[in-house]
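For reference, the structure is listed below as structure tokens.
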Amino acid sequence: MKQTFKRPKALVDIPSHFCPGCHHGIIHRLVAECIDLYGVREKTIGVASVGCSVFLYDYFNADVVEAPHGRAPAVATGVKRARPDNFVFTYQGDGDLAAIGTAEIIHAANRGEQITVIFVNNTVFGMTGGQMAPTTMSGQETTTTPFGRDLKTNGFPIKMSELLTELPGSTFVARAAVNNSKNLMKAKKLLKRAFEVQINGEGFSFVEFLSACPTNWKMTPKQATERVQEEMIPYFPLGVFKGGQE
Amino acid sequence: MKQTFKRPKALVDIPSHFCPGCHHGIIHRLVAECIDLYGVREKTIGVASVGCSVFLYDYFNADVVEAPHGRAPAVATGVKRARPDNFVFTYQGDGDLAAIGTAEIIHAANRGEQITVIFVNNTVFGMTGGQMAPTTMSGQETTTTPFGRDLKTNGFPIKMSELLTELPGSTFVARAAVNNSKNLMKAKKLLKRAFEVQINGEGFSFVEFLSACPTNWKMTPKQATERVQEEMIPYFPLGVFKGGQE
Amino acid sequence: MYFDCIIAGFGGQGVMLMGNILAYAAMAEKKKATYMPVYGVEMRGGTANCTVVVSDGEIGSPIIQRPMTAIVMNLPSLEKFGPRVKKGGLLVVNASLVPEKEVQFKGIKCLMIPSRDLALEVGNERLANMVVLGATVRKSGVVDLKSLKKALYPALDRRYHKMIDVNIKAMERGARFVTEGV
Amino acid sequence: MYFDCIIAGFGGQGVMLMGNILAYAAMAEKKKATYMPVYGVEMRGGTANCTVVVSDGEIGSPIIQRPMTAIVMNLPSLEKFGPRVKKGGLLVVNASLVPEKEVQFKGIKCLMIPSRDLALEVGNERLANMVVLGATVRKSGVVDLKSLKKALYPALDRRYHKMIDVNIKAMERGARFVTEGV
Amino acid sequence: MAEAEFIKGNEAIAMGAIEAGCRFYFGYPITPQNDIPEYMSRHLPDVGGTFIQAESEIASINMLLGASSTGARAMTSSSSPGISLKQEGISYMCGSQIPGVIVNMSRSGPGLGGIDPSQGDYFQATRGGGHGDYRTIVLAPHSVQENYDLTMKAFDLADKYRNPVLILGDALLGQMKEPIRRRKYRKKEFPKDWTMTGAKGREKRLIKSLYLSEGELTDHNWMLNKKYQSMKREIMFETQFMEGAKLVVVAFGSVARILKSTVQMARDRGMKVGLFRPITLFPFPYAALDKISHSIKNFMALELNTGQMLEDLKLSVGHKKNQVDFYGRPPGSIPSPDELFNEIKKIYKKRIG
Amino acid sequence: MAEAEFIKGNEAIAMGAIEAGCRFYFGYPITPQNDIPEYMSRHLPDVGGTFIQAESEIASINMLLGASSTGARAMTSSSSPGISLKQEGISYMCGSQIPGVIVNMSRSGPGLGGIDPSQGDYFQATRGGGHGDYRTIVLAPHSVQENYDLTMKAFDLADKYRNPVLILGDALLGQMKEPIRRRKYRKKEFPKDWTMTGAKGREKRLIKSLYLSEGELTDHNWMLNKKYQSMKREIMFETQFMEGAKLVVVAFGSVARILKSTVQMARDRGMKVGLFRPITLFPFPYAALDKISHSIKNFMALELNTGQMLEDLKLSVGHKKNQVDFYGRPPGSIPSPDELFNEIKKIYKKRIG
Amino acid sequence: MAMIKFRRERCKGCGLCVLACPKNLLMVSSKINRSGYPVAKIDDMKSCTGCALCAEMCPDVVITVFK
Amino acid sequence: MAMIKFRRERCKGCGLCVLACPKNLLMVSSKINRSGYPVAKIDDMKSCTGCALCAEMCPDVVITVFK
Ligand SMILES: Cc1ncc(C[n+]2csc(CCOP(=O)(O)OP(=O)(O)O)c2C)c(N)n1
Ligand SMILES: Cc1ncc(C[n+]2csc(CCOP(=O)(O)OP(=O)(O)O)c2C)c(N)n1
Ligand code: SF4
Ligand code: SF4
Ligand code: SF4
Ligand code: SF4
Ligand code: SF4
Ligand code: SF4
Ligand SMILES: [Mg+2]
Ligand SMILES: [Mg+2]
């Protein structure tokens, strides 16, 4: 018998701090698999952001530099410009990327920085204990929308993939989910394409992952995973928005 | 004989500091005319930004508060939420709104703040002496793109109206120019609609003005005004992007 | 009168609630109280502890290096806080998760509570924390058991008030374990 | 040897260039020099001035409250800087824009230069600044006229080097006006 | 007297704010102060107030600037890295003389640091971390009750001086629970002849910090400086065990709270140790400490950092004239009363014997 | 010796940077330092370098953080309000021990203020305007030549200490032109065993400022503190006319430059005035001033603000032991040598007679 | 009949009014005002229709129109 | 024939693998590991096809698959 599924080499063999059923763990593994697949581990420089994924640096067997909250695209810009031959990626939550880091992601995309951005949208500020994120859905209860997100006063759940698609500087933009095997397999394909875009020097690549946060959604892992399908995907449609060719 | 054209009351009768042929002066007057037209002078609170229009407060016969560079939409949010019955507008340059203030304008629009944003796009940082702005055109020489804007390294001229149109929170988004009488008359209409949107409580309204900066373009006023037509309008098309009805 | 204690366990064990109830009980007796929580990085399933200080007079520090009393709900907590208990102090151990052989401390009193069994007796195992709290209060005498029961009202969210009776039973069971040894 | 001067006018009059050339001329004579510009808020058409200090030794302050010499190219500049010239100092006035009656200062030397007329004589009116500079240097002796001419090379952008000859003529015309009074 | 309530330090701040008439809150989440925005989001609507979770700390401080410019009572809160981002805005508010209450429940730094209690932001708070010459009143509570009381006071001071007021707490003061007693807040009225309300029936008004004519900004700065000087009348501090003290321990906020146990321990053991706790960090009680230094010669600063308030202590008592010692515990571990006792004992032995 | 070139202060900084091997520049325009990005945008491409005009100061400092983390020599520049916005990033760089050169050609504040020379950012620069305990070396040039020389030095210091280095100038030092002489820069090599280059043939590396286990951050802070203390060996200052001086005037940067004329005037008039000019503001020359205070008793700080370095002077010489006077000229008008002379004369008369 | 008036001291000689006049009636003269700018003028006032396009385009509100 | 292995100490009992298995072979048992989590298990290993969907879904890389 041959081992047909194993831990990717780029993923350090330690327990994770993520809550049970958190999709961050799956997304970490997918990224690590791609690093292995393209053989770029020794060229990779990860940029960790601030959010539940802040310990990225412990989990990836690669060089990692920590960015202040929201600023990973700027840090990655500095890294990539200084080391154009390295593979540079950021990994950012929806608070990080779509709230405080709005300007940085838009301008990094607009400049067409040759970086890969992994964007984990779990409709909530996970690390800080479940406050509203820019992507929080209409009516969703969070600790700062105790009566549910009211579009009139809190604004609309923001669709970052669609927004970045508008910018001529972005090369590849896609949205994926890992809530079931089918979506997960599609997600792998999109992530591969994102990697290839950077490796081929084609430009800025961006994959948004819809992700479950059972803890702050106050759901079981099963309920949370189902919510991705039932509530999130209808509003945040999956697929390639730009640059699917190749 | 009756006087058929005169200085609007909302515009203080002092000389302006703008360079000869600068369109800021025209745009100021159009805004002042609308304030007169809708009789909102005594309810108006202007939010001045940092750029060549920083002295807005001297020119408008209305209450004005100064915002830090790029933050006028946040300041206006605070003002409008505290005084929902007042007419609140910001007046911002392309450096102010599309560079440092990217996050603030996107989120104010996304929240659907009931404010009116006057956005003056002159493809350059005017006040600071002619550096590249996010809207600087491909190949345009500025003091920080001495060899012309290179899309590969400096990114693309950003289309703010199009971007804000994407956000469900924005109610009215339009682009105007004042480079000739025809465009100027259309600009007036768009501006009126923007005022009405706020006055009727319909939401966030935004008018982008293409504007000439003869000084930093190193052109005569005539050449600069012509450039708006020949170079800018083809890339930054005029018209209503959203919310034209009513 | 002065009392301080550290209560520690995993995230889901309700150690923070224990601390809160204890502090409310003290307040009900017109004592001063402080409560200070410490969370790990993990949102769920991580470790957590809190410090409660009760006193007649003004309370200085709300945090304590060497507590008079420690309640440890799992093994890592025993390892961390057991050795810190002051000489002559009291260590209350959740015997359902901590094997007796690990509890080897000199100069302090140790109270082993088979909290899960006792909790199952009165209802369900999630009441283990209340059992331990009842036992601790009976043993230390920091507050009256009556005050502890009363404290459930302000400490629990209104939604859970229907659970107060069974919580009281669990506290009483813990207290009885101390008095009667079973 | 120590010399300082303020040169002031509207934006388009080239006062900054005058300051630069003067400083380069001093450098050509192995003197130390500092140049300090001050701009108004307006980008075009506003007021502007600069201060040039020339010395054999180390230069302390690059800015001067009461200059030994002031060159004023328009009326507002006269009003601002005229009264500040030190006793015994020199005030050079662009007579083409400043009426003689405004120039009423005691204890200083005043030099009125009909700069526009002289500039037109040698080429075009945009050379007025060079005329005034030539005159100032001849009058004050701060540097040699030769050094002033040489300074055009480093001070002017290469694109304008074809204009050097006519600039030199303007300087000479200014200097001649001082020596010959016409 | 009202029934005591057992609440978190962060909640006490939020409650105090609402009772003092705060109707606008703008913030961005950051540990360890999230209970403040969370409380505000739940309770402001009840009183007709507005809660906005802004897109960032920068947006928050500028929304505060905007709301306060209309004369409304408004607040923002954050913790260290978020407060760093607000520095430009704070400088603008000071320059434009706009009131507002800013809470820093500080955490450990530098950088991302950690979420432990820390006093590493003392310099930033007391000397203005932003650009230019400006100061904000800085209130440093050391208990949940004080969180509540000083927050109320902060709103009055902000309006009185038309200047932002900073409340400097930390993770300990935000997370701990204690009983507090509410008190009736009596709102003082302050002139509102500068607020943005629309120029109805009056001259237009202008709020700005840009001053370009010769000398104008110099005057503006001296005027502001005079105002900052005049804040001296607001100085607050607490002393304990000063009679016969031979060593005065100086500390603020959370560590001062811990020291209350320590100093008691010291006195119990016969060591003549007093405690001086500045409550206003700006203005700092220079004169009070100076006066004390006429009779007591030994001082010791204790801080959760590597030595910041220490400088103010030196400036107060003159470290070339009096003995000034220091124990610092930068964040990452919270010192217990016993540990602090040992540090004080060392110094006491050395200086007094 | 090279031919003297007549250039702007800002350009001298840009030139110095490129000669010191700076190959990455990230900035956002702001008066009065725009010549720096403009020079960089024109000249970096010649040497294979990269210029990015970032979307903001915050993006700039974080691009700097990124580029420097790879071991490249990189720089950002701005002026006061922009520097306020960089405070969070600077705190991160210090916490993560990432080098980098940051130029503040400061302007007048607070708020939007104006574009005049100012020294209002002294506290921010020397005490860390961001959160947490951190320090950056602060170099304060007073001439165009020094702009050039100290910028080169800044890159070495940044690499040596793995810490950002701040160059604090102002509008005067940025805008004035003076002849400078270029010098050959000899690049020193520093260990690069911490840089982000990809984990090829080695263990992975990590650059961070987050430290969560008990006590770890405390140790990290003390380690950093030790490093900051060790920077004392870099202290630089200049003195003039100290022989027989009865009053020592202490000033830095642009005002020190102006004072060189003033002190000369004073000496010409027989007043025994000396000038002490700190060149490193952090570390501040405490010991040198202290030593001087053993023989000279009268000091006077002069600053373009309402009194900031004054505190360091007091801490140096002990203001309860020696006489420390102050003249401040907050920005909005530039004092001339004559005006400063009058101020010094007043003090001299009062203290010396 | 129509008439336009210039407020010469405010004119900056930019010539945008010149571009705007559909009847081509305006020009920037060589007269300089106190601020040093050449000022706009109209020679043939009779042909002016009072359409105010010149005034609309003037950034400095130099022109008022009567009709 | 296929086989899966659990690394029980890493399991958090989230049950995502249970959802993922097309053959419905997995369940979260009542056994608790050292970290206090109930762990996933498979009873009917023979029916396992080795499709690895369970492993793909596991956020904690608890499952390895052999075939
Ligand atoms: C400047 C700054 N502001 C705020 C924070 C606090 N903070 C840490 S993580 C976070 C947001 C986390 O949400 P998200 O990015 O969605 O990541 P998630 O945890 O949901 O994966 C915030 C606000 C911070 N560390 N720094
Ligand atoms: C925080 C901060 N950064 C930079 C500046 C400098 N600054 C002033 S105006 C301006 C940009 C002006 O350009 P724009 O917004 O396009 O207005 P314009 O002058 O072209 O009308 C900049 C960068 C500042 N004042 N504050
Ligand atoms: S809080 Fe949410 S996002 Fe964070 S680890 Fe837990 S489940 Fe995942
Ligand atoms: S610089 Fe440009 S934008 Fe600014 S006033 Fe002059 S022409 Fe107008
Ligand atoms: S448009 Fe106005 S400012 Fe320009 S030339 Fe005509 S009148 Fe003068
Ligand atoms: S009013 Fe019309 S016709 Fe008359 S000058 Fe102006 S533009 Fe020409
Ligand atoms: S998915 Fe993984 S962690 Fe979750 S229950 Fe299954 S094996 Fe355990
Ligand atoms: S490998 Fe496939 S069949 Fe086997 S347990 Fe996993 S999901 Fe089920
Ligand atoms: Mg999230
Ligand atoms: Mg612009």
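Same order as they appear, the protein sequences are chains Z, W, Y, F, A, G, S and C. Take the position in the first sequence, starting the count at 1, then add 99; the result is the number in this note's numbering. Take the position in the second sequence, starting the count at 1, then add 99; the result is the number in this note's numbering. Take the position in the third sequence, starting the count at 1, then add 447; the result is the number in this note's numbering. Take the position in the fourth sequence, starting the count at 1, then add 447; the result is the number in this note's numbering. Take the position in the fifth sequence, starting the count at 1, then add 38; the result is the number in this note's numbering. Take the position in the sixth sequence, starting the count at 1, then add 38; the result is the number in this note's numbering. Take the position in the seventh sequence, starting the count at 1, then add 1238; the result is the number in this note's numbering. Take the position in the eighth sequence, starting the count at 1, then add 1238; the result is the number in this note's numbering. Cβ atoms here follow ideal geometry from the backbone N, Cα and C, with glycine treated the same way.
- Apart from sequence neighbours up to five positions away, the residues of its chain that approach residue 109 of chain A with a beta-carbon distance below 6 Å are 230, 233, ordered along the chain.
- One thing to note: residue 1287 of chain S has its Cβ no nearer than 8 Å to the Cβ of residue 102 of chain W.
- Of all alpha-carbon atoms in G/346, G/88, G/45, G/356, the one lying nearest the alpha-carbon of residue 165 of chain A is that of G/346.
- A heavy atom of ligand 7 is found nearer than 7 Å to the CB of residue 1295 of chain C.
- Pairing residue 572 of chain F with residue 566 of chain F, the inter-Cα distance amounts to about 5 Å.
- Taking the C-beta atoms as reference points, residue 351 of chain G is found nearer than 8 Å to residue 339 of chain G.
- Under the three-state reduction of DSSP, residue 311 of chain G is assigned to strand.
- Of all residues in the stretch 1256–1279 of chain S, only 1273, 1274, 1275 come within less than 8 Å of chain F when Cβ atoms are compared, listed by chain position.
- Counting only Cβ-Cβ distances below 7 Å, residue 210 of chain A has no contacts in chain Z at all, with the closest Cβ about 18 Å away.
- With a threshold of 7 Å, the Cβ atom of residue 278 of chain W does not count as near ligand 10, since no heavy atom of the ligand is closer than that.
- Taking a beta-carbon distance threshold of 8 Å, residue 144 of chain Z counts as an interface residue toward chain G.
- In this chain, residue 173 of chain W is not harboured by any beta strand (DSSP E); it is covered by the alpha helix (DSSP H) spanning 171–181.
- Just measuring C-alpha positions, the residue of C/1283, C/1254, C/1270 sitting nearest residue 1305 of chain C is C/1283.
- At least 8 Å separates the beta-carbon of residue 272 of chain W from that of residue 286 of chain W.
- Look at residue 474 of chain Y: its C-beta is under 8 Å from a C-beta on chain A.
- Legend: CB atoms of the stretch 201–212 of chain Z lying less than 8 Å from CB atoms of chain W belong to residues 201, 202, 205, 206, 209, 210, 211.
- Taking the CA atoms as reference points, residue 315 of chain A sits about 5 Å from residue 290 of chain A.
- According to DSSP, residue 340 of chain G shares a beta bridge with G/365.
- Between ligand 2 and the CB of residue 66 of chain G, the shortest heavy atom gap is smaller than 7 Å.
- Under the Cβ distance rule, residue 161 of chain A counts among the residues neighbouring chain G, one pair being separated by less than 8 Å.
- Following the DSSP letters along the chain, one finds residue 629 of chain F in no alpha helix (DSSP H), marked with neither H nor E.
- Note that the C-beta distance between residue 125 of chain G and residue 167 of chain A is below 8 Å.
- Judged by their CB atoms, residue 547 of chain Y and residue 620 of chain Y are not nearer to each other than the 8 Å cut-off.
- Look at residue 486 of chain F here: in three-state DSSP terms it is strand.
- Here residue 456 of chain F is bridged, per DSSP, to F/495.
- The C-beta distance from residue 255 of chain W to residue 209 of chain Z rounds to 6 Å, short enough to fall under 8 Å.
- Looking at the DSSP output, residue 116 of chain G bridges to G/142.
- With a 10 Å radius around the Cβ and a threshold of 16 neighbouring Cβ atoms, residue 329 of chain W comes out exposed.
- Between ligand 10 and the CB of residue 323 of chain W, the shortest heavy atom gap is not smaller than 7 Å.
- A distance below 6 Å between beta-carbons, with the five flanking residues on each side excluded, links residue 310 of chain A to the following residues of its chain, in chain order: 282, 283, 284.
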